[in-house]
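4 protein chains.
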Amino acid sequence: MKLHKFNSADQRRYALEKKLGLKLEKIKSALIEDESKLHCENLIGATILPLGVAGPLKLVSLNSGQKRLCFVPLATTEGALVASVNRGCKAISLSGGVKVFIEKVGTTRGPIFYVKNLAEAVSFKKWLTQNQSKIRSALESSSNHLKFLKFDYQIMLPYFYLRLYFDTDQAMGMNMVTIATEKLAELIEKELDIRCVSVSGNFCIDKKPAYLNFLSGRGLKVWAEIEISSAVLKQVLKTSADRIFSVWLSKNIGGSLISGSLGYNAHFANIVSAFFAAVGQDLAHTVEGSLGSTSAEIKGENLYFSIYQPAVMLGVLGGGTKLQIKQEAIKVTGAKTSQELAEVLAGAVLAGELSLLASLAEGSLAKAHKKLGR
Amino acid sequence: MKLHKFNSADQRRYALEKKLGLKLEKIKSALIEDESKLHCENLIGATILPLGVAGPLKLVSLNSGQKRLCFVPLATTEGALVASVNRGCKAISLSGGVKVFIEKVGTTRGPIFYVKNLAEAVSFKKWLTQNQSKIRSALESSSNHLKFLKFDYQIMLPYFYLRLYFDTDQAMGMNMVTIATEKLAELIEKELDIRCVSVSGNFCIDKKPAYLNFLSGRGLKVWAEIEISSAVLKQVLKTSADRIFSVWLSKNIGGSLISGSLGYNAHFANIVSAFFAAVGQDLAHTVEGSLGSTSAEIKGENLYFSIYQPAVMLGVLGGGTKLQIKQEAIKVTGAKTSQELAEVLAGAVLAGELSLLASLAEGSLAKAHKKLGR
Amino acid sequence: MKLHKFNSADQRRYALEKKLGLKLEKIKSALIEDESKLHCENLIGATILPLGVAGPLKLVSLNSGQKRLCFVPLATTEGALVASVNRGCKAISLSGGVKVFIEKVGTTRGPIFYVKNLAEAVSFKKWLTQNQSKIRSALESSSNHLKFLKFDYQIMLPYFYLRLYFDTDQAMGMNMVTIATEKLAELIEKELDIRCVSVSGNFCIDKKPAYLNFLSGRGLKVWAEIEISSAVLKQVLKTSADRIFSVWLSKNIGGSLISGSLGYNAHFANIVSAFFAAVGQDLAHTVEGSLGSTSAEIKGENLYFSIYQPAVMLGVLGGGTKLQIKQEAIKVTGAKTSQELAEVLAGAVLAGELSLLASLAEGSLAKAHKKLGR
Amino acid sequence: MKLHKFNSADQRRYALEKKLGLKLEKIKSALIEDESKLHCENLIGATILPLGVAGPLKLVSLNSGQKRLCFVPLATTEGALVASVNRGCKAISLSGGVKVFIEKVGTTRGPIFYVKNLAEAVSFKKWLTQNQSKIRSALESSSNHLKFLKFDYQIMLPYFYLRLYFDTDQAMGMNMVTIATEKLAELIEKELDIRCVSVSGNFCIDKKPAYLNFLSGRGLKVWAEIEISSAVLKQVLKTSADRIFSVWLSKNIGGSLISGSLGYNAHFANIVSAFFAAVGQDLAHTVEGSLGSTSAEIKGENLYFSIYQPAVMLGVLGGGTKLQIKQEAIKVTGAKTSQELAEVLAGAVLAGELSLLASLAEGSLAKAHKKLGR
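Residue numbers (our numbering), protein chains in the order written: chain A, 1007 to 1380; chain B, 1007 to 1380; chain C, 1007 to 1380; chain D, 1007 to 1380.
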């Protein structure tokens, strides 16, 4: 059965229902956006995810210097997640707000070139260094929204790996940078007769769990911090600074290192995936989003707590953000730019980490799941 | 504003709309399931993801020996993904079907215990070895659907890390194993006076990118393979065995290793996240799902191609699968059990990998995205 | 010039001297062992390493329950190393002795087999599980000193990786296990017609920095611990518990994780390499020896400190231990068995870590090197 | 017994002999260098390692353009190692010589600073960027042989990690850069009131197995390549291009990745440690030296083979190279500079890898060890 021969989701779904002897009523009802605007082949309808909201979350941006209150939309089927982030938001608001800082690393694409030998690799490297403006012209020729930032390289013969970094403005921009990279590959093939084996060579590295993204970053690097008083720890989080510290050290750090993890955190992936699903990001970028570390420090009886995410890939233009339902969720956050959206995520991730570590410290994780999750 | 004080999604959304001066029409319309059955706190509605279908996919199960045809529902906003998997399915069907094999590793949970010193660690280890039936009783006391399989341990003083493996039957089962682990923690605290610092200690390791899951597996280990003739390579995939081999070696292997990746693949995460979103799995498990390797071998002019995913966490009961819309999608796959669902995923992942590597080999990736994605 | 054509080190060295116009007087003088007993081809003499001794080190074995005093021979050209270990030994002795525990994991070898497809891999796995005694017979046929312990496996098609664990008694035993593995390969090739691609397939994994050895161990797993009073911290180590804790947390843990390290320590490799050189071990096993973690905990004003080395490869028989000069150094340690030798190493490693962290905490590292190293 | 109270190695050894009831004759005889020039505390004598020579090795430097013949001194107690490198050298010489290329990355040191909060981290980063010349002055004030190259940084609150890169001329230079780093720490503490927690913070990262060194390099990056004809493969290496390729792919690549290795090679560590011991380098730097990858490519019936070592730490001045016996060995290599010494190492490493893979391919590894090693 060739679903792509049909002209509409209704026809395809109908054909599939007939073929399989099923009724796909909910999948039909969920198609509440104009299908001509959806980028999904063989469309038969849509699926849903429940949408909850945590907050208000008090944010202080160290980039802009501005404070704001925002709400955090989270799409999830996992009970207790929204409640957990919500509790963290409350602790944060009572502590003056979470401070966040964003550094743009850039969206990356990593083409592979085949070099005949070491001598060609060495001269290719030299050419790359000496022809920056020509390279920039090629890379920026395909879009006005894209700015080439820099490149890294690695030589593992007979392959030469490039990693190109781009500022993609308000879009996450993977498609944009792929097209730009093709332009550079054409230039190199023409000028140097060095063949591009693959426009994407995993030195990007996109949607795979890799130390490279931990070290060098990808998209945006995001930090957030809070200091919480013993009173708030006790009243809101039902625990103390030293208990959270102890869980943090033994679990987020010790447990992660003994497991060979690149994520020194408790559950970044939960918050990242639920937020990404809500605001129209690529769900597979949850992989990079789960990279990162947390830190805890006892200051008297207070707790200093911070999170670091080195590879946040998101945008407010393009991709899933074109859906009206995703625009509604972005409006709930109040974010106008990618950076502001990342600030909300950073605050939510800190809130979620703090709350889960507190639950573990007081021994209530299973109870929460029993009550909310089942 | 305290959203959790309201009694319904409508009331909460209305309050939020008023507070923010917004209209959340689509979020309202998407709430097509009975909200009393959704496990999401502070619910204000739902969000949607477009749903496409790839296939038919011809599967041969090496566990059951059975052959079947199935369809692959994928929920995504990324253009070209469904088309790519679909093309892979076509190549597979023309090649006699993808062979898949599943090995159950078990759902894991890793509590941390605080040991006073090395001597206590040594005697705790001995106790664990000598009291297996008592341990089993404690662990299996909370559910009839759960079977304790085995444990691993690590000692990093003053912490003792356990990793408990469970057969959770047809459910993914994280909540179930958390509750079971609390029972064991109670037993240990009572009998040995050794304190459980955290019921989850990242030696689990859940939703973080970690070599432990690559090596030891988590949930299900999944393999899939296909041999594709040069004719199918040429007609369907527009390329040849040696070109795919070359992209595989330089990108999936070389590019991954130089990036410190635990994913030796091109885009497992794309297929895993889209499939998980469609059939009601936990999206954050995309992190484990992006672990894994691919292999390619030139056999004459044919291509032998295989994939390996060591940590597939999924189920057909519990969690998001309780939504009717997810049940509809599961029915589209034809899977009755977790294992059958994993077989469909394995076939789809192989299809998607093969198709993307072929696109890269023939240089059409950017073109596909330009046409389908924007 | 074909050095291997000559019959003695003198002839070879003489030929080389003539060819290069050099005099190699020291290299000649250093050849103080009977060359017929040295396993080094193209021998032209020997080289030396200065030998210092740290200690006495007070050891408490948790395996045997025995206490003993021992000395630690270290061969090194790096100033400050012996002094540093020596200072640690003093702090240990004043604190009642370092407690050590050894767990035998076994020497490993990992052959690779070529399987035609997934079905063959599955049936090979079944064969391995069902023919344990036949496998044992093959493996143990070549030596009386070798006992087969267990195997792990991994399937990455078309390759099947085995990891065989052996008890090699008092020898490190790599050669022994290679020979044994060949016997198994012969059996498998004969019985199953499955070809052994390589008798060593890096799933061993020998002399490469790998998380597998961190997680599963290799050779011996070694733990050591000490609790040091504030008085000893102040008088011997010139610092305090909280300062050492702070350096430990930021450097050994934080600095290591941000660097993608498998060694969560300050300088295991220094002590391991100097000890291995002194007592006749394979220097390349320094790689595994540099794996491992340290931990610190503040107990009131005391410091609890421990080290863990998961992959210590050593022996008191075979290899370099056949040299008389290595036997002398082993006698200095008082060790009669591999386990006792590992106990000395564990104590020395703890001593060295403690002392270096204390130096860093008080800011005296560069000073020590300026005074002792140049 | 306080060995450091004695004034000479003889007195210390005598005291130790008396104390332990031993005679350390060989350790005494091995002390053939002037002990006043040895940097080893509590000296009691020396130990030896047998010294063999492989070669001649034909080298072509892509840096200088020069060709030369050299010999490779290797200090080892492991039978078959020198023979193996020697065989590789023969294959190389018959193939026109190994081409090598060296890139200076620089010796690194990574101090940690304590920042009170995110805002201080951000302003510290800005200060570092805006005060490069002041930083350079501080760093270069302590030595004329040292040139500051660049810095990287990481923020994991409350810690700020720097990685300083230096050109240390002809010395490996760890002590030099530690002293320089102290000068910078003083400047920062004085100007910014930001405390240096540790002058070495493992973001260096020295002597630990870490992906950072694989990715960013340390000391020197080294590449080497050769193309070997089928005739030489057959006559010298007793095998063929496709068999070596197959072992390389399944072992060096597949076996390494499934083991979570940072060393995609067969036995770099063997050659690095034996060479370092011979020519007076720090043995613990074998850890970085074992990082790296190999590659193989079938070209018709020829084999293209290359190696890459990203983190070679060595020098021809300072440290162990002050011993006369090490100078003799350096003269055997013909190297006048660190770069030339690294070129010899690179060639030897390629030779050793090639020869071992050939042995594994033809199934003669165990046989060689049986004959030469025992």
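By construction, the Cβ of each residue, glycine as well, lies at the ideal position given by its N, Cα and C atoms.
Shown here, C/Q1072 sits in coil according to DSSP, grouped into three states, outside any helix or strand.
The beta carbon of D/V1242 sits closer than 7 Å to those of R1093, K1096, A1097, L1100, all from its chain and outside the five residues before and after it, given in chain order. Runs of the alpha helix (DSSP H) spanning 4 or more residues and lying entirely within the region 1098-1158 of chain B occur at 1124-1136, 1138-1146, in chain order.
Residue contact check for A/V1242 against chain D: no CB pair falls below 9 Å. Membership of B/S1299 in any alpha helix (DSSP H) is not indicated; the residue belongs instead to the beta strand (DSSP E) covering 1298-1305. One alpha carbon belongs to B/G1102, the other to A/Y1167, and they sit about 36 Å apart. Interface criterion met: the Cβ of B/Y1314 is under 9 Å from a Cβ in chain C. Here D/E1349 is buried. Its C-beta has 16 or more other C-beta atoms within 10 Å.
Ranked by how close their Cα comes to the Cα of B/A1367, the residues A/T1113, A/K1008, A/Y1120 have A/Y1120 in first place. Not flagged as an interface residue toward chain D: C/D1199, since no C-beta distance is shorter than 9 Å.
The Cβ atoms of C/S1222 and B/L1360 lie no closer than 9 Å to each other. With respect to chain B, the C-beta atom of A/T1083 has a partner C-beta closer than 9 Å. Residue pairing by DSSP places A/G1225 opposite A/G1112 in a beta bridge. Within the region 1258-1288 of chain D, contact with chain B at the beta-carbon level (separation under 7 Å) is assigned to I1259, L1263, G1266, Y1270.
Annotated as distal: C/I1141 and C/L1226, with beta-carbon spacing of 9 Å or more. Listed along chain B, no residue sits closer than 7 Å to C/V1253 by beta-carbon distance, the nearest being about 18 Å off. Judged by their CB atoms, B/G1207 and A/G1358 are not nearer to each other than the 9 Å cut-off. Distance from C/L1080 to B/L1068 at the Cβ level is roughly 55 Å; contact not present, criterion being Cβ atoms closer than 8 Å. Relative to the Cα of C/M1182, the nearest Cα in the group C/K1196, C/G1321, C/I1050, C/G1266 belongs to C/G1321. The DSSP-derived three-state label of D/D1248 is helix.
Closest in C-alpha terms to D/K1214, from the list C/L1297, C/S1344, C/I1200, comes C/L1297. A/G1116 belongs to the set of residues whose beta carbon lies under 9 Å from a beta carbon in chain B.
Annotation for C/I1304: A1247, D1248, F1251 place their beta carbon closer than 7 Å to its own, counting only its chain and skipping 5 residues before and after. Contact of A/R1018 with chain B is assigned, a C-beta pair being separated by under 9 Å.
Fully contained in the region 1323-1377 of chain D are the following alpha helix (DSSP H) runs of length 4 or more, in chain order: 1330-1339, 1344-1368. Beyond the five residues adjoining it in sequence on each side, A/I1033 comes within less than 8 Å, by CB distance, of R1019, I1050, G1051, A1052, T1053 in the same chain, given in chain order.
The region 1284-1293 of chain D makes contact with the region 1324-1333 of chain D, as at least three CB pairs between them are under 8 Å. Distance from C/A1177 to C/L1323 at the Cβ level is roughly 4 Å; contact confirmed, criterion being Cβ atoms closer than 8 Å.
Sequence-ordered contacts of the region 1213-1228 of chain D with chain B read Y1217, F1220, L1221 [C-beta pairs closer than 8 Å].
Burial check for B/T1135: the Cβ neighbour count within 10 Å stays below 16, so the residue is exposed. Residue burial annotation: D/Q1072 is exposed, with fewer than 16 other C-beta atoms found within 10 angstroms of its C-beta. For a cut-off of 8 Å, the C-beta gap from B/A1021 to B/A1354 is around 41 Å, too long to register as a contact. Annotation: A/S1296 has no Cβ neighbours in chain C at a cutoff of 8 Å; minimum Cβ distance is about 15 Å. Under DSSP, the beta-bridge partners assigned to A/Q1160 are A/Y1167.
Rounded to whole angstroms, the separation of the alpha carbons of A/K1132 and A/L1145 is 18 Å.
Of all residues in the region 1104-1115 of chain B, only K1105, F1107 come within less than 7 Å of chain C when Cβ atoms are compared, listed by chain position.
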